[in-house]
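**Student:** Handing you this structure, nothing more for now.
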Amino acid sequence: MQLGFKTKVKVTLVQSQLLPQHAGYSHWVYNWAIATIEDFYQSGVKHSCNDARKFYTNHVKPEYAWMNQISSKVYVYAFEQLKAAYKRFFAQIAALPTFKKKGKSKDSFTVETPLTL
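Next comes the structure, spelled out in structure tokens:
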């Protein structure tokens, strides 16, 4: 049996600014990965979420200094969620993953270990 817990977090002013940044970063990475995988597919290159993640880690992330202020676990889990979405798509359980839209998608991000803000 799996249990889930909902908690209400009391955050400081600085943390209240960082939490939306983490959620936005998660959306940005998820959308970037979908676009990259679609580009790979259109060009006929064999691709996977892991290939996109390696490319992101080695080439894209170093170009953006602001990403270093955000937990690296956020982008790792964005790729994991996309990988699970593609797995559901190929198993014919769900539709093809689509872009997350600001205001329409739930602002969220996942971290496994305690996050220090």
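The sequence shown begins at 1 in the UniProt record's numbering and counts up by one.
Note that CB positions come from ideal geometry on N, CA and C, so glycine has one too.
By the three-class DSSP mapping on this structure, what secondary structure does Ala23 have?
**Tutor:** Three-state DSSP puts Ala23 in a helix.
**Student:** Check this for me: beta carbons of Asn31 and Phe99, under 8 Å apart or not?
**Tutor:** Against a cut-off of 8 Å, the Cβ pair of Phe99 and Asn31 comes out as a contact.
**Student:** Below 8 Å, how does it come out for the segment 81–88 and the segment 59–69: are there three or more Cβ pairs, yes or no?
**Tutor:** Counting Cβ pairs under 8 Å, fewer than three are found: no touch.
**Student:** Express the C-alpha separation of Ile34 and Ala94 in angstroms, rounding to a whole number.
**Tutor:** Going from the Cα of Ala94 to the Cα of Ile34 covers about 16 Å.
**Student:** Starting from the C-beta of Asp107, find all residues in its chain whose C-beta is less than 6 Å away, skip the five residues before and the five after it, and write them out in chain order.
**Tutor:** Here the set comprises Ala23.
**Student:** Apart from the five residues just before and just after Tyr41, which ones in its own chain have a Cβ nearer than 7 Å to its Cβ?
**Tutor:** For Tyr41, where only same-chain residues beyond five positions count, the Cβ hits under 7 Å are His47.
**Student:** Let's test the definition: count the other Cβ atoms within 10 Å of the Cβ of Pro97 and tell me whether it reaches 16, buried, or not, exposed.
**Tutor:** Burial call: buried.
**Student:** Just how far apart, CA to CA, sit Gln92 and Glu63?
**Tutor:** Computed Cα separation, rounded: 36 Å.
**Student:** According to DSSP, is Ala91 part of a helix, a strand, or is it coil?
**Tutor:** Residue state, collapsed to three classes: coil.
**Student:** Kindly list the residues whose CB is nearer than 7 Å to the CB of Gln21, restricted to its own chain and excluding five residues on each side of it in sequence; keep chain order.
**Tutor:** Counting only Cβ-Cβ distances below 7 Å, and skipping sequence neighbours, we find Ile70.
**Student:** So for Ser16, helix, strand or coil by DSSP?
**Tutor:** Here Ser16 sits in helix by DSSP.
**Student:** Following the continuous alpha helix (DSSP H) through Asn50, name the residue where it begins and the one where it ends.
**Tutor:** Asn50 -> alpha helix (DSSP H) spans 49–55.
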